[in-house]
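J.:
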Amino acid sequence: MSKALPKRSENYSEWYNEIIKRADLAENSAVRGCMVIKPYGYAIWEKMQRALDDMFKATGHVNAYFPLFVPKSFLEKEEEHAEGFAKECAVVTHYRLKANPEGGLMVDPNAKLEEELIIRPTSEAIIWNTYKNWIQSWRDLPLLINQWANVVRWEMRTRLFLRTAEFLWQEGHTAHATREEAVEETERMLGVYADFAENWMAVPVIQGVKTPSERFAGAEETYCIEALMQDGKALQAGTSHFLGQNFAKSFDVQFVNKENQLEYAWATSWGVSTRLMGALIMAHSDDQGLVLPPKLAPIQVVIIPIYRSPEDLATISEKVDPIIAELKAAGISVKYDDSDNQRSGWKFAEYELKGVPIRLALGMRDLEAGTVEVARRDTLTKESMPLEKIVETLTSLLDEIQTNIYDKALKFREANTFAVDSWEDFKSQIEQGGFVSAHWDGTPETEETIKQQTKATIRCIPLDAVEESGKCVFSGNPSSKRVIFAKAY
Numbered sequence: 001m002s003k004a005l006p007k008r009s010e011n012y013s014e015w016y017n018e019i020i021k022r023a024d025l026a027e028n029s030a031v032r033g034c035m036v037i038k039p040y041g042y043a044i045w046e047k048m049q050r051a052l053d054d055m056f057k058a059t060g061h062v063n064a065y066f067p068l069f070v071p072k073s074f075l076e077k078e079e080e081h082a083e084g085f086a087k088e089c090a091v092v093t094h095y096r097l098k099a100n101p102e103g104g105l106m107v108d109p110n111a112k113l114e115e116e117l118i119i120r121p122t123s124e125a126i127i128w129n130t131y132k133n134w135i136q137s138w139r140d141l142p143l144l145i146n147q148w149a150n151v152v153r154w155e156m157r158t159r160l161f162l163r164t165a166e167f168l169w170q171e172g173h174t175a176h177a178t179r180e181e182a183v184e185e186t187e188r189m190l191g192v193y194a195d196f197a198e199n200w201m202a203v204p205v206i207q208g209v210k211t212p213s214e215r216f217a218g219a220e221e222t223y224c225i226e227a228l229m230q231d232g233k234a235l236q237a238g239t240s241h242f243l244g245q246n247f248a249k250s251f252d253v254q255f256v257n258k259e260n261q262l263e264y265a266w267a268t269s270w271g272v273s274t275r276l277m278g279a280l281i282m283a284h285s286d287d288q289g290l291v292l293p294p295k296l297a298p299i300q301v302v303i304i305p306i307y308r309s310p311e312d313l314a315t316i317s318e319k320v321d322p323i324i325a326e327l328k329a330a331g332i333s334v335k336y337d338d339s340d341n342q343r344s345g346w347k348f349a350e351y352e353l354k355g356v357p358i359r360l361a362l363g364m365r366d367l368e369a370g371t372v373e374v375a376r377r378d379t380l381t382k383e384s385m386p387l388e389k390i391v392e393t394l395t396s397l398l399d400e401i402q403t404n405i406y407d408k409a410l411k412f413r414e415a416n417t418f419a420v421d422s423w424e425d426f427k428s429q430i431e432q433g434g435f436v437s438a439h440w441d442g443t444p445e446t447e448e449t450i451k452q453q454t455k456a457t458i459r460c461i462p463l464d465a466v467e468e469s470g471k472c473v474f475s476g477n478p479s480s481k482r483v484i485f486a487k488a489y
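Under my numbering, the letters of the sequence shown match residues 1 to 489, in that order.
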């Protein structure tokens with residue numbers, strides 16, 4: 001029997017890493033800072049991808065694919081964008097290897113590229129260079145494109161799912177005829193992300209706007225959703241950027257408007273990544289392992305037969321087969337684990353570790369009584385239920401578990417959100433963790449000083465922030481609303 005997981009309360013970081021490892025989600029690769037997403041982890045990501053893709057298409061977007069490589073000159077065209085990503089770029093300088101006289105391979109010095117290529121840290125530059133050919137008239141707008149891709153940002157300190165040198169994501173890039181349309185698109189997509197986080201991931205989020213110093217490089221406004229993890233740290237779970245006309249001007253993307261005048265297009269970009277996997281683990285899981293909301297669980301129901309002889313197993317299987325067919329017909333993913341290489345107790349622990357929402361155990365006595373033992377992963381409770389109408393019971397139970405996981409996370413956030421008004425209280429609360437709601441005077445100087453002294457950042461200015469006169473928690477200068485501070489991943 002493997003040793004128990006580290007406790008969240010004792011070593012949160014080790015607990016997180018061990019869940020990923022033991023639940024078979026991912027592992028570090030031979031390439032520094034890069035990960036291998038294992039089949040079970042990738043199955044969760046596929047469910048996320050499928051749900052998000054449907055949501056994007058329902059809002060009029062279509063998928064396309066753009067090159068992995070970005071010429072350095074493209075990245076340089078939007079200065080703020082170039083400066084923001086310069087330190088994270090992986091650069092391709094040569095296009096060929098050759099045999100090394102001393103053995104092995106070496107870079108061929110005669111194969112130097114005329115211009116270096118950047119492995120995309122994000123795709124605004126290559127996409128807006130392409131849009132120049134696609135957009136001539138107002139009739140070509142809006143252009144609503146999304147791409148599913150991998151990107152590279154050369155992180156020095158990495159952590160599985162949360163921060164890796166290469167990660168998977170989607171990036172939407174849209175072009176519009178007016179400022180109003182582009183802002184509306186930016187806010188719409190933020191709403192899509194919030195909907196997905198809350199209704200699929202069961203993670204409550206705060207929707208807000210980033211401060212100027214926390215904005216995406218090259219954006220006029222960055223909107224975000226912020227989630228609170230169980231260790232009291234914040235996690236940015238998605239961003240949506242209003243890019244104004246910055247990229248259109250950098251790449252000369254102009255169109256003839258309805259008044260027959262030339263105008264630059266208005267842009268947005270928005271994205272979520274495999275970082276959502278980290279959010280899913282840290283928001284819900286416990287000391288027994290992964291806790292998955294049913295909508296994203298690769299296996300929603302596992303059925304484990306309890307038997308002593310092949311005859312018993314055959315009898316149980318005969319009863320279970322139509323139940324499995326009915327569950328599948330209802331759109332529920334089910335696994336029947338009748339393998340004899342492990343005892344049932346080991347199986348119980350394994351599926352608990354993997355976060356399977358519902359476990360059914362069925363033995364000969366249960367068959368005689370017409371019942372089945374139903375165990376819930378979210379509450380770690382079990383009870384005997386009638387086999388009759390079990391599919392209806394499980395369907396409603398999955399909905400109940402989804403809601404319960406969200407409600408638990410929401411209660412946690414509410415209990416760990418604190419309004420503070422003095423600098424001493426602020427410093428004390430930031431050390432303890434959670435979202436700290438406090439007044440800020442709106443200056444980057446105050447924001448930077450608070451960050452240096454406490455390691456806390458302004459996560460966002462909430463979209464639903466109430467106008468109230470107050471004094472900045474640090475400077476004492478006037479402030480009109482509270483913002484959300486926290487330490488973050």
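Glycine included, every Cβ here is placed at the ideal spot set by N, Cα and C.
#1: Quick one: what's got a C-beta closer than 6 Å to valine 65's C-beta in the same chain, skipping five residues either side?
#2: Is serine 396 helix, strand or coil when you go by DSSP?
#3: Between glutamate 352 and the rest of its own chain, which residues show a CB-CB distance below 7 Å, the 5 nearest in sequence each way excluded?
#4: Would you call the CB atoms of phenylalanine 549 and alanine 456 closer than 8 Å?
#5: With asparagine 129 as the anchor, note down where its beta strand (DSSP E) starts and where it stops.
#6: Just to confirm my understanding: we take serine 9, look at its own chain, exclude 5 residues before and 5 after, and list those with CB closer than 7 Å. What are they?
#7: So, do the stretch 298 to 317 and the stretch 348 to 366 have three or more beta carbon pairs nearer to each other than 8 Å?
#8: Of the choices Lys233, Ala237 and Ala297, whose alpha-carbon is the least far from that of glutamine 429?
#9: Can you tell me which of the three DSSP states glutamate 166 falls into?
#10: When we look at the beta-carbon of glutamate 166 and count the other beta-carbons within 10 Å, is it buried (16 or more) or exposed?
#11: Would a C-beta distance cut-off of 8 Å place tryptophan 169 and leucine 296 closer than the cut-off?
#12: Going by DSSP, what residue range makes up the alpha helix (DSSP H) through tryptophan 45?
#13: So for isoleucine 491, helix, strand or coil by DSSP?
#14: Out of Glu467, Ile19 and Phe474, which one is the CA nearest neighbour of tryptophan 440?
#15: Considering only the alpha carbon of each residue, which of Ala125, Ala86 and Ser213 lies closest to glycine 154?
#16: Tell me whether the beta-carbon of histidine 61 lies closer than 8 Å to the beta-carbon of glycine 172.
#17: Counting Cβ pairs, one atom from each stretch, are 3 or more of them under 8 Å apart for the stretch 25 to 45 and the stretch 267 to 277?
#18: Give the single residue among Gln230, Glu448 and Ala51 whose Cα lies nearest to the Cα of lysine 7.
#19: Would you mind stating whether aspartate 520 and isoleucine 304 have Cβ atoms separated by less than 8 Å?
#20: My guess is that glycine 218 and glycine 84 are in contact by the Cβ rule of under 8 Å, so how many angstroms apart are they, rounded?
#21: Measuring alpha carbon to alpha carbon, tell me which residue in Glu102, Thr454 and Ile126 is nearest lysine 72.
#22: For the alpha helix (DSSP H) that asparagine 17 lies in, which residues bound it at each end?
#23: From the DSSP output, in three-state form, read off methionine 1 for me.
#24: Quickly, what does DSSP pair isoleucine 458 with across the bridge? List them, please.
#25: Please state if the CB of phenylalanine 242 and the CB of valine 183 are separated by a distance shorter than 8 Å.
#26: Near alanine 163, what residues of its chain come up, given a Cβ to Cβ distance below 6 Å and the 5 sequence neighbours on each side ignored?
#27: Over the uninterrupted beta strand (DSSP E) stretch that includes lysine 328, give me the two end residues.
T.: To lay it out plainly:
#1: The sequence shown places tyrosine at residue 65, not valine. Gln147.
#2: helix
#3: Gln288, Gly289 and Arg377
#4: Coverage of the chain is limited to positions 1 through 489, which leaves residue 549 absent and any answer about it impossible.
#5: Where asparagine 129 is concerned, there is no enclosing beta strand (DSSP E), although the alpha helix (DSSP H) it sits in stretches over 124 to 134.
#6: none
#7: Because the criterion of three Cβ pairs below 8 Å is met, the stretch 298 to 317 and the stretch 348 to 366 touch.
#8: Nearest to glutamine 429 by C-alpha distance, out of Lys233, Ala237 and Ala297, is Lys233.
#9: Of the three classes helix, strand and coil, the one that applies to glutamate 166 here is strand, per DSSP.
#10: buried
#11: no
#12: 39 to 58
#13: The shown model of the chain, from 1 to 489, leaves out residue 491, and the question about it has no answer.
#14: Ranking the options by Cα distance to tryptophan 440, first place goes to Phe474.
#15: The sequence shown places tryptophan at residue 154, rather than the glycine named in the question. Measuring from the Cα of tryptophan 154, the nearest candidate turns out to be Ala86.
#16: Yes, Cβ-Cβ distance for histidine 61 and glycine 172 is below 8 Å.
#17: yes
#18: Gln230
#19: The chain is shown from 1 up to 489; residue 520 falls before or after that span and cannot be answered.
#20: 7 Å
#21: Ile126
#22: Residue range 12 to 22 is occupied by the alpha helix (DSSP H) that includes asparagine 17.
#23: Residue placement at methionine 1 is poorly supported in this model, since its pLDDT is 47, which falls under 50; the coordinates are not used for a value here.
#24: Phe485
#25: Here valine 183 is near phenylalanine 242, since their CB atoms are less than 8 Å apart.
#26: The amino acid at residue 163 is misidentified as alanine; the sequence shows arginine. Excluding residues within five positions, the ones whose Cβ falls inside 6 Å are Glu155.
#27: From DSSP, lysine 328 is part of no beta strand (DSSP E) but of the alpha helix (DSSP H) over 310 to 329.
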